[in-house]
Amino acid sequence: MEKYKEIERSIIKTHRKEIWGRFVKGVQDYKMISPGDRVMVCISGGKDSFLLAKCIQELQRHGNVEFEAHYVVMNPGYSEEHLDIIRKNAELLNVPIEIFSSDVFAVLDSVETKSPCYLCARMRRGHLYNKARELGCTKIALGHHFDDVIETTLLSMFYGSEIKTMMPKLHSDNYNELELIRPLFLVKEASILSWMRGNGLAFINCACRFTEELESSDENKSKRLMMKKLVKELRRDNPEIDNNIFKALDNINLNCVLGTKKDGKYASFLETYDE
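In the working numbering, the protein residues as written are 486 to 760.
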């Protein structure tokens, strides 16, 4: 059996409950993909996005919904070494990628910013929107997973002073016809790592020197990395801590919150307190 077929089989068989089952549940529960959709699957070169690509391929083969998928790699300024790793992994996994270039890293190099990751994400998103329109796609699939959702929630609370999370899907603010979807929304990172290691795979991470500088500096530890470590520590006392945080976001008691905000408009509990 060819290597890529073994890898596909591992998703459906070996990791059926923790990866395939959760992937399908997320796609179905949040109604991410509809008949006739043209989905642009974004591959960064990391473990999450390549697993996403394989899951989308399997969904096309075994799912009940017919849709098109285009597998795209945006090159923000990777080294040839990193690009070569991405190409080889795509060939190994039998994922037909299209690589297009952008100037994201060059722009970051030319400006001073305290939040390079935020700026990078914003610029990447813009390039992906334009590419999706060029391909005639209406949906853009990203590789964010369950742990990303939990960490984003904690970051918003601790550093943004609001309860806000990463959504399973959302409409683009600037491109009305485009929608972002996150099919790995319910898949945990530990399961992705288990799939990767079990198949002897190796992927690039961010491949960005800004991230490497942040994570190697004691004074500038990545806040997201801090959240990851915090959840890991809390899980020692309560193994369900991440699941509880996730469930809380789907179980907000509006009778016991001081205020809410929708579409930028704030409402205090006092406004309806005496009604």
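Beta carbons: idealized from backbone N, C-alpha and C, even for Gly.
At a Cβ-Cβ threshold of 8 Å, ILE518 and VAL558 do not count as neighbours.
Around the beta-carbon of ASN574, 16 or more other beta-carbon atoms lie within 10 Å, marking it buried.
Along the stretch 619-657, the beta strand (DSSP E) occurs as fully enclosed runs of 3 or more residues at 624-626, 654-656, listed in sequence order. Beyond the five residues adjoining it in sequence on each side, VAL596 comes within less than 8 Å, by CB distance, of LEU604 in the same chain, given in chain order.
When only Cα atoms are considered, PHE585 and ASN740 end up about 49 Å apart. Taking ARG682 as reference, the option from SER495, ARG572, LEU671, CYS540 with the minimal CA-CA separation is SER495.
Fewer than three pairs of CB atoms, one per stretch, sit closer than 8 Å, so the stretch 646-665 makes no contact with the stretch 495-505. Around the beta carbon of MET486, fewer than 16 other beta carbons sit within 10 angstroms, so the residue counts as exposed. In terms of CA proximity to VAL672, LYS510 leads the group LYS510, ILE730, ASN690. Nearest C-alpha to LEU578 among LEU678, GLU491, LEU669: GLU491. Sixteen is the threshold: since fewer than 16 other Cβ atoms of the shown chains lie within 10 Å of the Cβ of THR745, the residue is exposed. Of the other Cβ atoms in all chains shown, fewer than 16 fall within 10 Å of the Cβ of GLY685; this residue is therefore exposed. Linking TYR751 to ARG546 through their CA atoms gives a straight-line distance of about 46 Å. Assignment of alpha helix (DSSP H) within the stretch 511-551, counting only whole runs of 4 or more residues, yields 532-547 in chain order. ILE541 sits close to VAL524, with the two beta carbons spaced by under 8 Å.
When DSSP states are grouped into helix, strand and coil, THR499 belongs to the helix group. Under the 8 Å Cβ criterion, the stretch 606-621 does not count as touching the stretch 633-649, having fewer than three qualifying pairs. Shown here, TYR614 sits in a helix according to DSSP, grouped into three states. Short of 7 Å from the beta carbon of CYS622, and not among the five residues preceding or following it, lie these beta carbons of its own chain, in chain order: ARG523, VAL524, MET525, HIS555. A buried status is given to VAL589, since no fewer than 16 other beta-carbon atoms sit within 10 Å of its beta-carbon. The alpha-carbon separation between PRO668 and ASP759 amounts to approximately 43 Å. Less than 8 Å divides the Cβ of HIS612 from the Cβ of SER587. By the criterion of a C-beta distance shorter than 6 Å, LEU734 is surrounded in its chain by THR650, once the five residues flanking it on both sides are discounted. Between the C-alpha atoms of HIS500 and SER676 there is a straight-line separation of about 8 Å. Judged by beta-carbon spacing, ARG709 lies within the 8 Å limit of GLU636, meaning their Cβ atoms are closer than that value. Non-local beta-carbon contacts of PHE552 in its own chain, meaning distances under 8 Å to residues more than five positions away in sequence, involve ILE518, SER519, PRO520, GLY521, ASP522, ARG523, VAL524, GLN545 in chain order.
Going by beta carbons, ASP569 and GLY628 fall outside the 8 Å limit. Secondary structure note for TYR489: its alpha helix (DSSP H) is the uninterrupted segment 488-494.
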